[in-house]
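Participant: Got a structure here, written out as structure tokens. Questions coming.
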């Protein structure tokens with residue numbers, strides 16, 4: 001008999017991103033495990049930049065450079081996969 005699959009819980013922290021051209025995106029997901037070091041939220045910008053590069057390649061329209069990244073007022077959530 002097959003064993004039931006184990007659920008993997010992954011928590012995310014949401015960020016609002018402001019770009020140099022004035023556009024804004026909200027609730028960008030970053031894994032909470034990436035933010036556990038002494039760098040605070042600094043790794044979030046690098047992760048979101050990598051996400052933006054992937055989005056730009058897929059859409060053919062590159063995103064502008066990021067001006068600032070701030071945590072969204074939303075709490076940490078748990079995504080059950």
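Residue numbers (the UniProt record's numbering): 1 to 81.
Backbone N, C-alpha and C define an ideal beta-carbon position, used for all residues, glycine too.
#1: In angstroms, rounded to a whole number, what distance separates the CA positions of residue 63 and residue 57?
#2: Kindly indicate which three-state DSSP category residue 82 falls into: helix, strand or coil?
#3: DSSP three-state label for residue 6, please.
#4: In the DSSP assignment, find the unbroken beta strand (DSSP E) run with residue 25 in it and report its ends.
#5: Which partner residues does residue 68 have in the DSSP bridge list?
Facilitator: A quick look at the data gives this:
#1: Linking residue 63 to residue 57 through their CA atoms gives a straight-line distance of about 10 Å.
#2: Summary: the structure shown does not reach residue 82, with the chain confined to residues 1 through 81, and so no result is reported for it.
#3: Correct three-state label for residue 6: coil.
#4: Bounds of the beta strand (DSSP E) holding residue 25 are 24–31.
#5: Answer is 18, bridged to residue 68.
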